[in-house]
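According to our numbering, the stretch in the sequence shown is residues 2 to 611, in order. Quick reminder that beta carbons are idealized off the backbone N, C-alpha and C, glycines included. Working notes for the structure below.
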Amino acid sequence: MCGIVGYVGRRNASDVLIDGLKRLEYRGYDSAGLALRTGDGLIILKEVGKVADLERMLEEISPCSTQGIGHTRWATHGGVTQVNAHPHRDGSGKFAIVHNGIVENYMELKEELEREGVEFLSETDTEVVVHLIATSFSQTGDILETLVNLQGRLRGSFALVVIQQDLPDRIYCVRKGSPLVLGSGDGESFCASDVPAFLPYTRKIQYLEEGDIAEISLGGIRVWDENGCPVEKTVFTVDWDVSMTEKSGFSHFMLKEIHEQGMVLRSTLKGRIADGRTAVDQELGWDAEMASKWDKVHLVACGTSYYSALVAERVLEKWTDLEIKVDVASEYRYRHIKCDPSTLAVFVSQSGETADTLAAQRKARADGAHCLAITNVRGSTLAREVHSVMLLKAGPEIGVAATKTFTGQMAALFLVALQLGRLRGTLPSDEEERLISELIHIPYKVELLLERENEVMELAKRYASKSNFLFIGRGISFPIALEGALKLKEISYIHAEAYAAGEMKHGPIALLEPDLPVLAVIPRDGLYEKTLSNIQEAKARNAPLIAVCTEGDTIIPQHVESVIEIPWTDEEFTPFLSVVPLQFLAFHIALLKGREIDQPRNLAKSVTVE
Ligand code: F6R
């Protein structure tokens with residue numbers, strides 16, 4: 002977690018850094034700080050709270066600097082205090098650093114440094130690093146050698162940016178386990194945890210590999226590997242533009258991103274379907290012979306991405322003969338699940354930087370599995386480590402609660418499932434054609450639904466005062482119930498649980514009473530009547546009922562208090578539609594409750610620590 006940014010150029014560094022930090026605030030937002038190099042030494046400013054609070058602090062002193070580093074924090078080691086906020090400096094005040102990640106052996110390093118007489122100001126693991134750098138630099142006088150040595154001392158994950166008062170017009174970066182990208186402009190250079198931080202200035206980027214050290218300067222970028230040997234980097238031009246990182250007239254990023262879902266589906270499907278079949282052979286690099294070697298698929302992810310994997314599980318079971326296993330990455334990585342060269346292991350991660358998902362991928366890869374990443378971020382750690390990648394093409398997602406990337410993940414996973422069905426000969430071509438002809442209509446159906454936001458807004462008013470919710474669904478609608486409950490709890494802080502509808506009578510039914518709304522996801526599918534029975538059970542216990550059902554359903558409205566209709570589609574594709582009203586419901590309830598929707602408490606968008 003945490004967002005870091007660095008700048009060297011001719012612009013006012015504090016403007017570039019504050020702008021960059023605001024664009025990274027989704028990564029952490031309990032405190033923020035920056036260090037600026039000036040003719041009179043380093044100026045370090047830090048503040049508990051949002052980047053806007055730091056900005057107000059800056060206005061009072063208007064420092065003049067063209068070189069600096071900044072940080073927005075999500076606390077791990079040490080409470081949320083000004084002292085613990087980054088940047089951290091060494092005793093002489095000449096070095097300052099910002100850090101994203103965790104230094105696992107910081108306690109032993111701290112004890113060692115204390116024995117040498119170093120005084121610590123904060124409770125953070127990061128402060129150890131700046132003292133190590135300063136001590137080593139005082140001995141070597143060489144910053145590259147210092148940073149090579151540093152890596153040998155640290156255990157854990159880190160993206161570090163280092164500024165030094167006596168090293169004008171350049172700053173240094175080290176990346177191991179935490180994301181860091183570099184941007185090159187005309188006579189200026191940038192580094193940041195994520196591309197949106199410097200998108201207003203450049204779209205030319207370079208990715209760092211594990212252990213890489215970089216110098217970003219007025220003259221450009223130089224990179225060395227962990228041994229200090231120079232490396233040549235490819236410069237990529239990102240196809241994101243700056244408007245994608247702005248709210249574009251919407252009150253919140255989350256609302257904008259919900260409304261982008263039709264577009265996300267279109268761009269994720271674009272170029273990947275031709276003549277009634279999937280056209281992803283080259284992208285995935287699979288052929289029938291390869292696919293015939295797999296007998297099982299492991300789908301691994303966290304949070305919302307995990308729920309997209311649960312949806313995919315259900316279509317993979319239907320369209321292929323493979324044995325499917327789905328798990329959350331934090332469990333998968335420690336279990337003894339049989340994984341070998343006959344396994345296709347699929348890792349789903351919006352950011353491509355989630356620590357548990359990365360660790361799970363490394364384990365599966367070591368076991369010989371063929372690893373596929375479904376991610377939104379080209380160049381992310383996950384995308385670079387796997388054998389095959391399918392990108393979502395959702396554009397940057399800034400709201401902490403995932404919405405459009407969930408939809409994009411499902412689309413990408415459906416393409417993979419269809420492809421596997423064909424390669425293994427388990428999905429007849431006429432069936433594939435029929436499914437694809439419906440899939441390409443889904444973006445339009447999603448857009449029709451988006452126009453009905455007002456209906457959900459009215460519903461939100463009716464239920465916003467409730468303290469608890471129960472979401473239920475069966476089959477492919479069960480993961481959507483899980484996702485609806487997650488959205489509601491994370492942005493409105495209302496307690497919400499989700500159950501497979503058939504499980505209700507095995508426990509949760511005891512909760513039912515007139516103050517517990519039950520939201521049932523019940524499209525017209527093969528399990529419709531079963532879920533209807535569960536609705537009746539809830540009704541008999543006087544629970545207020547809300548149903549997400551298919552347009553034209555005349556039965557459901559007779560049994561429930563409120564109805565949200567979705568357009569008709571094949572059973573398999575209902576998740577693309579049924580999730581939309583649940584996203585709106587969570588959004589409008591959170592809005593009525595005055596929550597910080599784009600940056601909910603305690604959360605960060607990219608969970609780069611275990
Ligand atoms: C919920 C949400 C999280 C993420 C989870 C995984 O709205 O955003 O649950 O889905 O942290 O993140 P990624 O997909 O980046 O691996």
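Can you name the start and end residues of the beta strand (DSSP E) that residue i belongs to?
i, result
"Asp328", "Glu324 to Val329"
"Trp225", "Gly221 to Trp225"
"Ser563", "Ser563 to Ile567"
"Thr376", "His371 to Thr376"
"His496", "His496 to Ala501"
"Ile473", "Asn469 to Gly474"
"Ile45", "Gly42 to Val49"
Quick one: does the C-beta of residue i sit closer than 8 angstroms to a heavy atom of the ligand F6R?
i, result
"Leu487", "yes"
"Gln600", "no"
"Ser607", "yes"
"Thr406", "yes"
"Cys340", "no"
"Gly71", "no"
"Thr358", "yes"
"Thr382", "no"
"Val401", "yes"
"Thr555", "no"
"Ser331", "no"
"Ala310", "no"
"Val349", "yes"
"Ala302", "yes"
"Glu1", "Residue coverage of the chain in this structure runs from 2 to 611, which leaves residue 1 outside it and unanswerable."
"Gly29", "no"
"Ser306", "yes"
"Glu354", "yes"
Using beta-carbon positions only, say whether residue i and residue j come within less than 9 angstroms of one another.
i, j, result
"Gly353", "Thr321", "no"
"His72", "Phe159", "no"
"Leu18", "Leu43", "no"
"Leu436", "Leu460", "no"
"Leu270", "Leu416", "yes"
"Lys95", "Gln165", "yes"
"Gly186", "Tyr202", "yes"
"Met2", "Thr609", "yes"
"Ala502", "Leu489", "no"
"Pro515", "Ala544", "yes"
"Leu266", "Val522", "no"
"Lys205", "Val236", "yes"
"Pro558", "Leu449", "no"
"Ile217", "Ser190", "yes"
"Asn106", "Gly178", "no"
"Pro518", "Asn455", "no"
"Ala313", "Met411", "yes"
"Leu168", "Leu151", "no"
Could you tell me how far apart the beta carbons of residue i and residue j are, in whole angstroms, since I believe they sit closer than 8 angstroms?
i, j, result
"Asn377", "Ala402", "Incorrect: roughly 14 angstroms between the Cβ atoms, too far for contact."
"Cys192", "Leu200", "Not a contact, Cβ separation roughly 14 angstroms."
"Glu484", "Tyr308", "4 angstroms"
"Ala330", "Thr344", "With 8 angstroms as the limit, Ala330 and Thr344 do not qualify as a contact, their Cβ atoms being about 15 angstroms apart."
"Ile259", "Gln584", "5 angstroms"
"Gly263", "Pro444", "4 angstroms"
What residue does the alpha helix (DSSP H) around residue i start on, and which one ends it?
i, result
"Gly485", "Phe479 to Ser493"
"Glu432", "Ser430 to Leu440"
"Ala548", "Looking at the DSSP string, Ala548 is not in any alpha helix (DSSP H); the run it does join, the beta strand (DSSP E), is Leu546 to Thr551."
"Ser15", "Ala14 to Leu25"
"Met458", "Glu454 to Tyr464"
"Ser306", "Gly304 to Trp320"
"Gln600", "Segment: none, Gln600 is in no alpha helix (DSSP H) and carries neither H nor E."
"Ile144", "Ile144 to Arg154"
"Ala361", "Ala356 to Ala367"
"Ala413", "Lys405 to Leu424"
Tell me which same chain residues have a C-beta within less than 6 angstroms of the C-beta of residue i, skipping the five on either side of it?
i, result
"Arg278", "Glu433"
"Ala14", "Tyr8, Leu37, Ser66, Thr67, Gln68 and Gly69"
Quick one: residues in its chain with C-beta nearer than 7 angstroms to the C-beta of residue i, no 5 flanking neighbours on either side, listed in chain order?
i, result
"Ser493", "Ala587, Ile590, Ala591, Lys594 and Arg596"
"Thr82", "Val49"
Quick one: residues in its chain with C-beta nearer than 8 angstroms to the C-beta of residue i, no 5 flanking neighbours on either side, listed in chain order?
i, result
"Ala86", "Ser32, Ala33, Gly34, Lys47, Glu48, Val49, His72 and Arg74"
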